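This report concerns only the one structure given below.
In full-length UniProt numbering, the protein residues as written are 1 to 295.
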């Protein structure tokens, strides 16, 4: 499907603000975000399942988006939980639901549903800084007060292949539930680098690895002159291309990745500890423990 290349801006594609091809329930509004300097959607409510944006409008419809990578540009609401559901079709005819939430305390899986804990980061730094401060119950919990705008990249092809032994076909539907602000959602077969813009690549003559590209303009987060993207925003890739974070939870890596991310092979590896102090190592071990799949 050539029209989906190099990427699909989902909100623009369905003209989300017109609500003809999407549905909203509960407290769904728009506001001008001071950080991003643009209008974004905000979903709020004490019950996430009752406050959401659903694309497309009905379960009989399908988005049919074939891009391997899904990019969600969002910010969890401070001191609140959020939930995201992605219904992904496999070539074998099955539909697999991928869910991630700050409410989930552990990874759970069935043949048709994968649930991943999402651990909100507070600031760049260690595992302790990026996970332990977010929670009243162990390592998962509501978003911290100073949560940042985040670019989450999820490899749908990898997740279906490794977790349920299915072949990714297309994204069928998306349900964004309270509590969060969201700028956009994009699908692409390219690995997009949030720290690079097309203008920067043109000006510097930079050559990027095959299968990678700068972030499109309508996905970019604004930067002040001389500013660093990774100092202002969070980039979370799932699965991670390193072994510094638990494999069955979604969270920011311990260190900021300055190099352009690379596509992953369909091989699942267990996370492991790194050379850090005992208090932090203990938390790494605990994180590994709470994210082991249950039968």
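Every residue, glycine too, gets a C-beta built ideally from N, C-alpha and C. Note that the coordinates shown come from a computational prediction; the quantities given were computed from them, not determined experimentally.
What span of residues does the alpha helix (DSSP H) with residue i cover, start to end?
i           : result
residue 149 : Where residue 149 is concerned, there is no enclosing alpha helix (DSSP H), given that its DSSP letter is neither H nor E.
residue 12  : 10-13
residue 162 : 156-163
Please report the distance separating the alpha-carbon of residue i from that of residue j.
i           : j           : result
residue 189 : residue 210 : 11 angstroms
residue 10  : residue 185 : 6 angstroms
residue 237 : residue 196 : 16 angstroms
residue 60  : residue 172 : 10 angstroms
residue 160 : residue 96  : 8 angstroms
residue 181 : residue 40  : 7 angstroms
residue 1   : residue 26  : 35 angstroms
residue 111 : residue 91  : 15 angstroms
residue 109 : residue 232 : 34 angstroms
residue 214 : residue 32  : 25 angstroms
residue 207 : residue 201 : 8 angstroms
residue 310 : residue 218 : Because the chain is modelled from 1 through 295, residue 310 falls outside the range shown and cannot be assessed.
residue 289 : residue 154 : Here residue 289 scores only 39 on pLDDT, less than 50, and its place in the model should not be relied on; the value that follows carries that caveat. In a straight line, the C-alpha of residue 289 is about 23 angstroms away from that of residue 154.
residue 5   : residue 103 : 34 angstroms
residue 72  : residue 165 : 24 angstroms
Please tell me whether residue i has its Cβ less than 9 angstroms away from any Cβ of chain D.
i           : result
residue 175 : Among the protein chains of the structure shown there is no chain D, as only one such chain exists.
So what's residue i in DSSP terms, helix, strand or just coil?
i           : result
residue 61  : coil
residue 50  : helix
residue 218 : helix
residue 18  : helix
residue 230 : helix
residue 190 : coil
residue 2   : helix
residue 107 : coil
residue 28  : strand
residue 184 : strand
Just to confirm the assignment, what range does the beta strand (DSSP E) spanning residue i have?
i           : result
residue 237 : 234-238
residue 198 : From DSSP, residue 198 is part of no beta strand (DSSP E) but of the alpha helix (DSSP H) over 198-204.
residue 101 : 95-101
residue 73  : 69-76
residue 118 : 113-119
residue 37  : Neither: residue 37 is in no beta strand (DSSP E) and is coded neither H nor E.
Worksheet item: Would the stretch 70-79 and the stretch 45-59 be scored as touching if the rule is three or more Cβ pairs under 8 angstroms?
Response: no
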